[in-house]
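In this note's numbering, the protein residues as written are -2 to 185.
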Amino acid sequence: NVGSSALYFNAAAAGINLAGGATSASLTHTGTLYNNAGNNSGVVTIANGITVQGSGNLNNYYGGGGWVNNGLILNNTAAALNFNSPSFTNGATGSIEIGAAATVNASSTTFSNNGAIIISGGTLSRTTGSLVNPSGGTIKGYGTINMGANTFTNNGTVSVGDTAAPGTGMLGITGNFTQGSTGILNLD
-2 NVGSSALYFN
8 AAAAGINLAG
18 GATSASLTHT
28 GTLYNNAGNN
38 SGVVTIANGI
48 TVQGSGNLNN
58 YYGGGGWVNN
68 GLILNNTAAA
78 LNFNSPSFTN
88 GATGSIEIGA
98 AATVNASSTT
108 FSNNGAIIIS
118 GGTLSRTTGS
128 LVNPSGGTIK
138 GYGTINMGAN
148 TFTNNGTVSV
158 GDTAAPGTGM
168 LGITGNFTQG
178 STGILNLD
């Protein structure tokens, strides 16, 4: 638990990884995690089995760099979690979970989802650019996707509804929505 402290990653290829023999671990924060603190276009990879939990910021310290999530990023607080680096990739094994009353601001210049984004009554906000859910990407749940004046394009799977209470839950989209030719839209 790093609380509201800042945590800096200096290496060009840094990671939040599991210790030998471990199958899971978590990092709880409300402060800022910085990539590229070594001014080397550093990318921080969150490994499968790692949970990064809380609010605050995933930023870059110098220009360049980014984040790759292959684990779980969880915001189940009333405070926002902000992605502010030049790039953020939710990998194929990555999951972003947004709890009730929580917000994730996906403000990174480039934001891509190849894994799962699960909204459970909260808000995914991407008002700084478009959002493409590619083939293989999943966005599901109930709450809000706030695109501002931008466009959300679904080429993957969007499943609307509360999986804990089938037949309930609405996923509202503020902005523009385009259903791609490979996209699947599941309405509960």
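Backbone N, C-alpha and C define an ideal beta-carbon position, used for all residues, glycine too.
Identify, in the order they occur along the chain, each residue of the same chain with its Cβ nearer than 6 Å to the Cβ of residue i, setting aside the five sequence neighbours on each side.
i	result
Y5	Y31 and A34
T106	P83
T165	D159
G145	T124 and G172
Does the distance from the C-beta atom of residue i to that of residue j stay below 9 Å?
i	j	result
A113	S92	yes
G140	S156	no
V65	T48	no
G96	N72	yes
T150	F174	yes
A8	L15	no
N111	G126	no
T148	L121	no
A161	L128	no
N57	N79	no
L184	G138	no
So residue i is in the beta strand (DSSP E); what residue range does that whole segment cover?
i	result
A103	T100 to A103
A34	Note, A34: premise wrong, no beta strand (DSSP E); not H, not E.
V(-1)	Unbroken run through V(-1): none, as it is neither H nor E.
N67	Per DSSP, N67 belongs to no beta strand (DSSP E) and is neither H nor E.
F6	Per DSSP, F6 belongs to no beta strand (DSSP E) and is neither H nor E.
G158	From DSSP, G158 is part of no beta strand (DSSP E); its letter is neither H nor E.
A10	A10 to I13
N147	T135 to N151
A113	A113 to S122
T48	I47 to G51
Skipping 5 residues on each side, what residues in its chain have a beta carbon closer than 8 Å to that of residue i?
i	result
G28	V(-1), G0, S1, S2, A3, L4, G53 and N54
S178	N152
I13	L24, V41, T42, I43, A44, I47, V49 and G68
Is there a Cβ from chain B that is less than 9 Å from the Cβ of residue i?
i	result
N36	The chain inventory of the structure shown lacks chain B, comprising one protein chain alone.
Only counting the same chain, and skipping five residues up and downstream in sequence, which positions put a Cβ closer than 7 Å to that of residue i?
i	result
G62	N32, N33, S38, G39, V40, S82 and P83
N45	N67, G68 and T90
Y59	N33 and N36
T74	G51, S52 and A99
Report the residue ranges of all alpha helix (DSSP H) runs contained in full by the stretch 70 to 97; include only those spanning at least 4 residues, in chain order. Assignment of alpha helix (DSSP H) within the stretch 70 to 97, counting only whole runs of 4 or more residues, yields no such run.
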